[in-house]
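In my numbering, the protein residues as written are 59 to 627.
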């Protein structure tokens, strides 16, 4: 495929060739041209056709040279050839008469013509002096001459591509001086420019990211040294004062960030906000911790360790708490009986209902354990801690569904017809009557036997239920008035009492759910319905009322020996 583009030198050669042809034609029409100056024509005399043609060729060729060399603008050429033929002939004659005066510069003009031509066809040498508009260098021809069309693709390109069309349009950009960096940047292609742009953006982003992370670390103390520093805050210190103190001691890095944080945190910059004096701060404190340490007065709170024994009643627990400086009795009674706790068993107990004769709503649910409280802890919080422990130690397992779809709760409801509150009430009776794990299971067996055979044994006949309502506990069960009229007297009222009579431990609760028959002196299980214990805690079991009477007599003898100090167990 041929290359349609041509160099500026080739186009100049073509133009010279055309001009030479015009001059040859003109010379053929008038062989004497160049040897002698043509005589001036008489005014008004007719011009021979040959002379007119010669002048026409000569004038046009010279005009083309002037246009190419930049000595005449295209507009002047258009005006000249747009005139009437007579005026054109006169101007041609005048130019022919003046030709000898210019012959001296003809050679010089021809020598300078390629440079002017190249300056017109290329961008080289096209810059005009500062403050002047560049002249138009485009060739302009008359109607009687058909120029050789030069293809637009032949225009020279820059080093890395074509020049910006906007710059070629008016030439104003070329007239404007450019710095070295600007010229170098304009000569770059798209890819190097994109790379430079990406690098610059990446550097700026990295710097801003580092700065943002540094400020975030200062505010939130994400990565800070673990070191305690003592600082001194003066009277009536402002945010600006404190910010400088913190910065000087290496606790914060940016004082202006701290002041800005305090401004948008609210509270103003009032005097007296900061506690004056010496403060110990850790360098890993965040702004919130720093502000709290400097503005909140700390009071020393004493911690109280409380051990709640298994079998303690609500009254005994309250007395123990108050004795150790935790709350008041009135507030504890209110918290136990009326506060709406969110625990599931408390809500179910309320829904299920309980007798109005019940002494304390939550008796049996204050789980016995060892606790630690601040002396400033509220009564509701203390009771809530007991209920939380009950929920963890018993309630979750009691309601847990096994692989067969069963649970302790379902078993107790199906086999014994007992609710969870019944189990806790029974467990409290077992806790109050027994002393050992073996006795817990055996006493549970007796109570379950009586509940199962309520037609024969409608009453549980437990001394501990009467002891619960007495102001002072009787040490000897023989001194208990079993005729005392109270709903808690299981010698007078059938079934379980209105509620638990103490707060049982987990072992006793499990015994209430899984009873075990007691053993006789020979190691055989007996189907017991009675039991009695001496003051030392030894329990005697019987299957009949007669056997029970004998056991009561034995317990009385044991108690006499205990008092005498010769009891051998």
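Where a beta carbon is used, it is the ideal one built from N, C-alpha and C, also for glycine.
Quick caveat: nothing in here was measured; it's all calculated off a predicted structure.
In this structure, DSSP gives residue 532 a state outside helix and strand, which the three-state scheme calls coil. Every unbroken stretch of the beta strand (DSSP E) spanning 3 or more residues and falling wholly within the segment 594-625 is given here in chain order: 597-600. In terms of Cβ geometry, residue 576 and residue 503 form a close pair [threshold 8 Å]. Within the same chain, and ignoring the five residues on either side of residue 427 in sequence, the residues whose Cβ sits closer than 7 Å to its Cβ are 366, 447. In the structure shown, the three-state DSSP call for residue 380 is helix. In this structure, the beta-carbon distance from residue 384 to residue 350 does not fall below 8 Å.
Under the DSSP assignment, residue 268 falls outside any beta strand (DSSP E), being part of the alpha helix (DSSP H) whose first and last residues are 248-278. Counted as a single uninterrupted DSSP element, the alpha helix (DSSP H) harbouring residue 491 occupies residues 478-491. Taken in chain order, the complete beta strand (DSSP E) segments of 3 residues or longer contained in the segment 320-372 are 335-340, 361-365. Classified as buried, residue 295 has 16 or more neighbouring CB atoms from the shown chains inside 10 Å of its CB.
Residue burial annotation: residue 520 is buried, with at least 16 other C-beta atoms found within 10 angstroms of its C-beta.
By the neighbour-count definition (other C-beta atoms within 10 Å, threshold 16), residue 360 is an exposed residue. Checking the DSSP bridge columns, you'll see residue 445 has no partner listed. The C-alpha of residue 298 is placed about 20 Å away from the C-alpha of residue 279. Between residue 501 and residue 492, the C-beta spacing is below 8 Å. Relative to the Cα of residue 439, the nearest Cα in the group 394, 373, 265, 466 belongs to 394. For residue 287, the pairing in a beta bridge is given by DSSP as 339. The Cβ atoms of residue 483 and residue 542 do not sit closer than 8 Å to each other. Beyond the five residues adjoining it in sequence on each side, residue 304 comes within less than 6 Å, by CB distance, of 310 in the same chain, given in chain order. Under the DSSP assignment, residue 591 falls in the beta strand (DSSP E) whose first and last residues are 588-591. A Cβ-Cβ contact shorter than 8 Å links residue 458 with residue 465. Every alpha helix (DSSP H) stretch that sits fully inside the segment 507-590 and reaches 4 residues is listed by chain position as 521-527, 564-571.
Listed as beta-bridge partners of residue 430 by DSSP are 363. Residue burial annotation: residue 417 is buried, with at least 16 other C-beta atoms found within 10 angstroms of its C-beta. The beta-carbon distance between residue 613 and residue 598, rounded to whole angstroms, is 6 Å. This is short enough to meet the 8 Å contact definition. Taken atom to atom, the span from the alpha-carbon of residue 75 to that of residue 246 is near 40 Å. Remark: three or more beta-carbon pairs, one from each stretch, lie closer than 8 Å, so the segment 405-419 and the segment 555-571 are flagged as touching.
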